[in-house]
Structure formats: structure tokens, C-alpha cells
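For the sequence shown, numbering that gives the first Met the number 0 gives the first residue as 0, with consecutive numbering after it. The beta-carbon is built from N, C-alpha and C at its ideal position, and this holds for glycine as well. All values derive from a computational prediction rather than experimental measurement.
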Amino acid sequence: MPNAQSRKAAELEIIRHEKQYANVVYNTVTYDAGKVARANLTAMVTSFNFSAKTDDVWLDVDNNQVTLTEAEFQGLFDAMQVSQQTAYITEATKYAEIMALTTVADVNAYDVNASW
């Protein structure tokens with residue numbers, strides 16, 4: 000019959016493995032978060048209304064250049080910053096949630112796709 004010390008060692012080993020598994024889940028989640036952030040950024044840039052510019056020379060086809068006003072550039076930059084900050088906050092929240100999981104059952108039940 001195992002003594003209390005060996006039981007405790009076995010419990011600690013199980014918890015260590017559970018945390019390793021949770022870390023794998025976390026890495027999957029952050030990878031997915033990166034994909035979501037990139038998709039959001041792509042959608043934002045794609046939806047930018049270049050055709051609304053009043054200047055007929057905003058697109059220089061010969062040199063592959065787009066001319067933006069300072070306000071337009073600042074709007075795109077601000078939107079990118081907000082998107083990035085949101086991704087960081089979500090990632091930190093997910094990390095805290097995953098590190099709080101204590102059993103294999105909790106890890107298995109955790110929805111990695113929720114709240115993105």
C-alpha cells in the first residue's frame with residue numbers, strides 16, 4: 000500500500016502533466032488568436048473606403064503607391080492598435096483561465112474557441 004508521501008508525489012505528477020496539457024491548449028488558443036487578429040486586420044484594411052477619396056491621384060499605378068491623408072493614415076493606425084490591444088487582453092484572459100484549470104476533465108471541457 001502506498002504511503003502518504005508517494006501518493007502526494009503521484010498527485011503532483013498528475014497535476015504537472017495536466018498543466019503541460021493546459022499549456023498545449025494555451026499555445027493552440029494563442030495561435031488561433033493570432034489568426035483572428037490577422038483576419039480582423041485584413042478585413043479592416045480591405046473595408047477601408049479608398050474610393051471615397053476626392054483626390055483623383057490618390058492611386059499611383061505606375062509606382063504601386065497609395066497616397067493617404069494624415070487623418071486617413073491615423074485612422075488606420077488607430078484601428079490596428081485597438082485590434083492588437085484587444086488581442087493581447089483576450090490572450091491574457093485566456094492564459095489566466097487555462098492556468099486556473101486543475102483537472103484533466105476541466106481541460107477537456109474547456110472551450111478554446113469561446114470569447115474571441
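Inset, instruction - State buried or exposed for Ile97, treating a residue as buried only when at least 16 other CB atoms are found within 10 Å of its CB. - result: Locating residue 97 in the sequence shown gives position 98, counting from the first residue. It is buried - the Cβ of Ile97 has at least 16 other Cβ atoms within 10 Å.
Inset, instruction - Would you identify the three-state DSSP class for Leu11, choosing helix, strand or coil? - result: The residue given as residue 11 occupies position 12 in the sequence shown. It is helical.
Inset, instruction - Report, in whole angstroms, the separation of the C-beta atoms of Leu100 and Tyr94, which I expect to be a contact under 8 Å. - result: As a first step, residue 100 must be located in the sequence shown, where it is residue number 101. As a first step, residue 94 must be located in the sequence shown, where it is residue number 95. Actually they do not touch by this definition, with Cβ atoms about 11 Å apart.
Inset, instruction - Tell me whether Ala86 is buried or exposed, calling it buried when 16 or more other Cβ atoms sit within 10 Å of its Cβ. - result: The residue given as residue 86 occupies position 87 in the sequence shown. It counts as buried.
Inset, instruction - Would you kindly work out how many angstroms separate the C-alpha atoms of Lys18 and Ala8, rounded to a whole number? - result: Start at 1 with the first residue of the sequence shown, and residue 18 comes out as number 19. Start at 1 with the first residue of the sequence shown, and residue 8 comes out as number 9. So the two alpha carbons sit approximately 15 Å from each other.
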